[in-house]
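Numbering (the working numbering), first residue to last: 9 to 383.
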């Protein structure tokens with residue numbers, strides 16, 4: 009069955025998600041702010057949820073149409089073959105957003121869409137009431153400038169929830185963003201990688217999962233696993249293929265450190281849960297203790313942002329340590345995400361080779377990319 013799918017993404021990561029989808033072998037239809045639309049089938053839903061590292065969710069697109077009034081919204085929604093997706097006992101909820109649309113009341117739009125689906129189900133099944141005790145189907149009505157997009161969430165919990173974060177610390181970076189940072193650095197398995205502000209270990213763990221070719225969704229559940237139209241056989245086949253794809257032989261050089269004893273303890277526990285504790289060395293130490301364990305290494309880090317009073321002095325100290333290190337080791341590269349708009353001058357005294365605006369939660373950040381000298 010040919011399906012239209014949407015991988016949603018944090019603003020700024022659309023190109024990364026697009027490359028991941030293309031690597032899975034699926035043709036891209038279009039890339040827009042916050043989402044990539046592509047074509048696939050039932051297996052593509054399974055494979056996308058298992059393998060996409062930087063996407064937020066995978067949505068099944070049901071329809072897209074213009075609607076200037078509630079009657080049009082109702083009739084166009086009711087005309088869709090919802091019974092082909094939602095079984096008799098299916099549990100479905102409707103969420104929504106509306107931006108610059110004449111149908112600006114989100115609760116009213118949700119109510120209309122829900123009613124249209126129920127009426128369609130009534131006509132098909134010949135029933136007046138539904139138990140809604142089965143698998144969950146979350147329908148979303150997105151209205152943008154009078155254009156309606158109806159989707160169903162296949163992922164359930166966001167794809168950043170890999171399942172390995174058993175211990176946490178303050179202000180953790182999302183797993184999806186950490187994975188994107190590693191991919192944007194074009195780090196490869198034979199290159200030394202260091203995160204001197206590792207916190208609970210997310211960046212080193214995501215790098216290790218990339219290096220080992222571990223599917224990020226391998227150890228979690230998804231909403232669509234209970235859907236009738238996706239056969240259990242597909243899940244079994246794709247999970248088996250994912251397990252067989254893991255590379256246990258490649259030797260990785262990944263190091264994470266943090267001044268906090270609690271953070272290092274959390275990082276080690278999380279790495280063990282992710283199955284990559286054997287290829288990451290975590291050590292409690294200050295950024296000033298950063299050392300080059302080899303040539304042409306790469307630092308990827310989510311250093312403190314200074315959002316709270318009293319942190320600016322600590323950030324200045326961290327930056328000073330970075331400045332000293334990269335002067336001593338010009339062949340090393342630095343990839344750092346921060347809200348600090350003066351980070352380039354304060355750390356390196358020069359413009360970054362590349363800059364990318366990203367969002368870490370609600371915070372607008374910049375991902376500065378300083379390339380080391382080639383030797």
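Every residue, glycine too, gets a C-beta built ideally from N, C-alpha and C. All of these numbers come straight from a predicted model, not from anything done at the bench.
Point to revise | Same chain only: Cβ atoms within 6 angstroms of residue 227, ignoring 5 sequence neighbours per side | key: The residue labelled residue 227 in the question sits at position 219 within the chain shown. Excluding residues within five positions, the ones whose Cβ falls inside 6 angstroms are 171.
Review point. Can the beta-carbon of residue 302 be found less than 9 angstroms from the beta-carbon of residue 259?
Key: Counting from one through the chain shown, the residue named residue 302 turns up at place 294. Counting from one through the chain shown, the residue named residue 259 turns up at place 251. Remark: C-beta atoms of residue 302 and residue 259 do not approach each other more closely than 9 angstroms.
Point to revise | Host beta strand (DSSP E) of residue 82 (start-end) | key: Along the chain shown, one-based indexing puts residue 82 at 74. Looking at the DSSP string, residue 82 is not in any beta strand (DSSP E); the run it does join, the alpha helix (DSSP H), is 78 to 86.
Practice item. Compute the beta-carbon to beta-carbon distance between residue 375 and residue 192, rounded to the nearest angstrom, for a pair I have assumed lies under 8 angstroms. Key: Residue 375 sits at position 367 when you count from the first residue of the chain shown. Residue 192 sits at position 184 when you count from the first residue of the chain shown. 7 angstroms between Cβ atoms; contact.
Check your understanding: Is the segment 53 to 72 touching the segment 161 to 169 in the sense that three or more CB pairs, one from each, lie closer than 8 angstroms?
Key -> The segment 161 to 169 is in contact with the segment 53 to 72.
Exercise for review: Taking residue 59 and residue 219 to be in contact with their CB atoms under 8 angstroms, please state how far apart those CB atoms are, rounded to whole angstroms.
Suggested key: Sequence index remark: in the chain shown, residue 59 carries index 51 (1-based). Sequence index remark: in the chain shown, residue 219 carries index 211 (1-based). The Cβ separation is near 15 angstroms, so there is no contact.
Exercise for review: Give, in chain order, every unbroken run of the alpha helix (DSSP H) that is at least 4 residues long and sits entirely within the segment 201 to 267.
Suggested key: Runs of the alpha helix (DSSP H) inside the segment 201 to 267: 210 to 219 and 240 to 253.
Review point. So, is residue 112 buried or exposed, given that buried needs 16 or more other C-beta atoms within 10 angstroms?
Key: Start at 1 with the first residue of the chain shown, and residue 112 comes out as number 104. Exposed is the call here.
Review point. Among all the DSSP beta bridges, which residues are the ones paired with residue 354?
Key: Taking the chain shown and counting its residues from 1, the one referred to as residue 354 is at position 346. According to DSSP, which records beta bridges pairwise, residue 354 is partnered with nothing at all.
**Study point:** Beta-carbon gap between residue 133 and residue 92 smaller than 9 angstroms
**Key:** Taking the chain shown and counting its residues from 1, one reaches residue 133 at position 125. Taking the chain shown and counting its residues from 1, one reaches residue 92 at position 84. Pairing residue 133 with residue 92 gives a Cβ-Cβ distance that is not under 9 angstroms.
Review point. To the nearest angstrom, how far is it from the Cα of residue 339 to the Cα of residue 329?
Key: For the purposes of this step, residue 339 is identified with residue 331 of the chain shown, where counting begins at 1. For the purposes of this step, residue 329 is identified with residue 321 of the chain shown, where counting begins at 1. Each residue's CA atom was taken as its position, placing residue 339 and residue 329 some 16 angstroms apart.
Check your understanding: Using the C-alpha atoms, what's the distance from residue 343 back to residue 308?
Key -> Sequence index remark: in the chain shown, residue 308 carries index 300 (1-based). Sequence index remark: in the chain shown, residue 343 carries index 335 (1-based). Within the model, the alpha-carbon separation for residue 308 versus residue 343 is close to 5 angstroms.
Review point. Of the choices 49, 57, 236 and 199, whose alpha-carbon is the least far from that of residue 99?
Key: The residue you call residue 99 lines up with position 91 of the chain shown. Of 49, 57, 236 and 199, the residue nearest in Cα terms is 236.
Practice item. With DSSP as the reference, label residue 16 as helix, strand or coil. Key: Position 8 of the chain shown, counting from 1, holds the residue named residue 16. Shown here, residue 16 sits in a strand according to DSSP, grouped into three states.
Exercise for review: Kindly give me the distance between the Cβ atoms of residue 73 and residue 156, rounded to whole angstroms, as I take these residues to be in contact under 8 angstroms.
Suggested key: Reading the chain shown from its first residue, position 65 is the one you call residue 73. Reading the chain shown from its first residue, position 148 is the one you call residue 156. Confirmed, about 6 angstroms.
Check your understanding: Taking just the CA atoms, how far does residue 352 sit from residue 359?
Key -> Counted from its first residue, the chain shown places residue 359 at position 351. Counted from its first residue, the chain shown places residue 352 at position 344. For residue 359 and residue 352, the distance between alpha carbons rounds to 6 angstroms.
Review point. DSSP state of residue 70, grouped into three classes?
Key: On the chain shown, position 62 is the one that residue 70 refers to. Note: residue 70 maps to strand in three-state DSSP.
Point to revise | Length of the line joining the Cα atoms of residue 34 and residue 25 | key: The residue given as residue 34 occupies position 26 in the chain shown. The residue given as residue 25 occupies position 17 in the chain shown. So the two alpha carbons sit approximately 12 angstroms from each other.
Practice item. State the DSSP-derived secondary structure class of residue 174, mapped to helix, strand or coil. Key: Working through the chain shown from its first residue, we reach residue 174 at position 166. In the structure shown, residue 174 sits in coil (DSSP, three-state: anything other than H, G, I, E or B).
Practice item. Kindly indicate the opening and closing residues of the alpha helix (DSSP H) around residue 323. Key: In the chain shown, the residue the question calls residue 323 occupies position 315. Looking at the DSSP string, the run of the alpha helix (DSSP H) that includes residue 323 is 320 to 336.
**Study point:** Option nearest residue 272 by Cα separation, candidates 137, 159, 212 and 106
**Key:** As a position in the chain shown, residue 272 is number 264, starting the count at 1. Considering only alpha carbons, the answer is 212.
Check your understanding: Since residue 278 contacts residue 208 with CB under 8 angstroms, what's their CB separation in whole angstroms?
Key -> One-based indexing of the chain shown puts residue 278 at position 270. One-based indexing of the chain shown puts residue 208 at position 200. That belief holds up - the Cβ atoms of residue 278 and residue 208 are roughly 6 angstroms apart, short of 8 angstroms.
Point to revise | For residue 284, the three-state DSSP class (helix, strand or coil) | key: Your numbering for residue 284 matches position 276 in the chain shown. In the structure shown, the three-state DSSP call for residue 284 is coil.
Point to revise | Cβ-based burial, residue 87 [other Cβ within 10 Å; buried from 16] | key: In the chain shown, residue 87 corresponds to position 79, counting from 1. Within 10 angstroms of the beta-carbon of residue 87 lie fewer than 16 other beta-carbons, which makes it exposed.
Check your understanding: Does residue 339 come within less than 9 angstroms of chain B when only Cβ atoms are used?
Key -> In summary, chain B is missing from the structure at hand, where a single protein chain is found.
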